[in-house]
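With my numbering, letter number 94 in the sequence shown gets 212, and the count goes up by one each step, no holes. Even glycine gets a Cβ: it sits at the ideal position worked out from N, Cα and C. Please read these numbers as outputs of a predicted model, since none were measured by experiment. Taking it in order: structure first as structure tokens, then the write-up.
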Amino acid sequence: MEIYGYLIVSLIAVLAANLVMKFILKGKAKKDKGFVLFYQGLSYRRRFIRALWGIPFMAVMYVIIYQLNVFTEMQLQIVAVAFVFMVLGDAGYNYYRWKKEERIA
């Protein structure tokens with residue numbers, strides 16, 4: 119049960135940081151080339167590419183979680199499904215917004 123506390127605190131910290139950066143970078147031009155530290159500063163095309171690059175990292179994270187034997191089989195299946203939905207949802211949304219911006223421009 120202790121691991122859930124760490125996960126929840128980590129999730130809250132990440133969400134808070136994302137929310138702060140979203141307001142700081144709101145209304146500023148999004149970069150399509152060059153280095154950008156914060157996700158919110160990227161164009162939707164670059165966000166899509168970053169989501170695709172995240173697939174191997176998600177796979178590695180799942181293998182590490184599996185090797186740690188922290189979760190039961192059912193919990194591991196839930197984590198795997200959550201990882202897949204997160205990557206597909208993020209990539210799908212960013213692809214949709216990228217194509218929508220292309221049509222407008």
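Query: So, is Asn-212 buried or exposed, given that buried needs 16 or more other C-beta atoms within 10 angstroms?; Result: buried
Query: Closer than 8 Å: is that where the CB of Gly-145 sits relative to any heavy atom of the ligand NAP?; Result: As far as ligands go, the structure on display features none, and thus does not contain the ligand NAP.
Query: Smallest Cα separation from Lys-218: which of Glu-120, Ala-135, Arg-163 and Ile-121?; Result: Arg-163
Query: Use the C-beta contact count for Phe-175: other C-beta atoms within 10 angstroms, 16 or more gives buried, fewer gives exposed.; Result: exposed
Query: Using the three-state DSSP reduction, which class does Lys-140 fall into: helix, strand or coil?; Result: helix
Query: Could you give the uninterrupted runs of the alpha helix (DSSP H) lying entirely in the segment 184-214, keeping only those of 4 residues or more?; Result: none
Query: List the DSSP bridge partners of Lys-149.; Result: Leu-160
Query: On the CB-based measure, 16 or more other CB atoms within 10 Å of its CB, does Arg-165 come out buried or exposed?; Result: buried
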